[in-house]
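Residue numbers (the working numbering): 968 to 1209. Note that CB positions come from ideal geometry on N, CA and C, so glycine has one too. Owing to the predicted nature of the structure, the values given are computational and were not obtained by experimental measurement. Accompanying notes for the structure given below.
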């Protein structure tokens, strides 16, 4: 019996790569970040009936709101997807993600107090830009804290946050709606991203990345971001780095 258990454990171990403790922590935090991104994207479709009723809008007008939201998502994803590296690799990505979250939180809170259809339309696009920018930054971030040999595992695990968020999001929204309206949904749920921002900034320190890279090299694997690349980046863009 014990032999079978050991064989099953060994078989499972073949599919779970070795990684530094900080790599696993960063994977957990960035998975939480992508989960929050997924929840933010379902806010509008889930509470849309309440918005239509309060503003006396047609279904077509509601469709335009959703379309503007996803147009913003496409814009944010394209901008940071194409130009994200120019803002900084490695530890600096945590600050880039913080900016995207700030856009989301600010536009969500402003949505909660919006009074006109035009305000809603503008804010839906702006919040979409924020959520669209959150994704590519986190995909790049999680890959840089793992060895090249196992980045596929890290990115794949990281993306499980999307379906989990699509399941958890409506449950959270439903809980808020039992005691409030769609305005409270936009006011409170996006704030869940703030602890994730703090954890990412705390973890994404230059010294922590150096420890991860040293462990990777000691185990005969390849760092995703080298010290030389970070030093070169600091010289080219001498903004204070963590």
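Item	Value
Quick one: what does DSSP say residue 1064 is sitting in, helix, strand or coil?	helix
Could you spell out the range, first to last residue, of the alpha helix (DSSP H) harbouring residue 1149?	1149-1155
If we call anything under 9 angstroms between Cβ atoms a contact, is residue 1090 one with residue 1077?	yes
If you drop the 5 nearest sequence neighbours on each side, which residues of the same chain put their C-beta closer than 6 angstroms to that of residue 972?	With a pLDDT of 42 at residue 972, under the threshold of 50, the predicted position of this residue should be treated as unreliable, though the coordinate-derived value follows. Cβ neighbours of residue 972 beyond the five flanking positions: none.
Entirely within the stretch 1052-1115 and at least 4 residues each: give me those alpha helix (DSSP H) ranges in chain order.	1060-1079, 1084-1111
For residue 1129, collect the residues of the same chain with a Cβ closer than 7 angstroms to its Cβ; drop the 5 residues on either side in sequence, then sort them by chain order.	1001, 1005
Are residue 985 and residue 1186 touching if we call contact CB-CB under 9 angstroms?	yes
Just tell me which of 1193, 1033, 1174 has its CA closest to the CA of residue 1014.	1033
With residue 1110 and residue 1122 assumed to form a contact (beta carbons below 8 angstroms), what rounded beta-carbon distance in angstroms separates them?	6 angstroms
Sorted by chain position, which residues of the same chain lie with C-beta nearer than 8 angstroms to residue 1087's C-beta, five sequence neighbours on each side aside?	1018, 1022, 1032, 1078, 1081
Taking the C-alpha atoms as reference points, what is the distance between residue 1155 and residue 1039?	21 angstroms
Per DSSP, what kind of secondary structure is residue 1125 in: helix, strand or coil?	helix
Excluding five sequence neighbours on each side, which residues of the same chain lie with their C-beta closer than 6 angstroms to the C-beta of residue 1036?	1011, 1091, 1095
State the DSSP-derived secondary structure class of residue 1005, mapped to helix, strand or coil.	helix
Can residue 1162 be considered in contact with the ligand SAH, in the sense that its beta carbon sits closer than 8 angstroms to one or more heavy atoms?	Looking for the ligand SAH in the displayed structure turns up nothing, as the structure carries no ligands at all.
CA-CA distance, residue 1159 and residue 1140?	12 angstroms
Within its chain, find whatever has a CB closer than 7 angstroms to the CB of residue 996; leave out the 5 residues flanking it on each side and keep chain order.	1163, 1166, 1167, 1170
Taking the alpha helix (DSSP H) that residue 1171 belongs to, which residues open and close that run?	Counting along the chain, residue 1171 falls outside any alpha helix (DSSP H), and DSSP gives it neither H nor E.
On the three-state DSSP scale, how would you describe residue 1188?	coil
When you compare the CB positions of residue 1044 and residue 1137, do they come within less than 9 angstroms of one another, or not?	no
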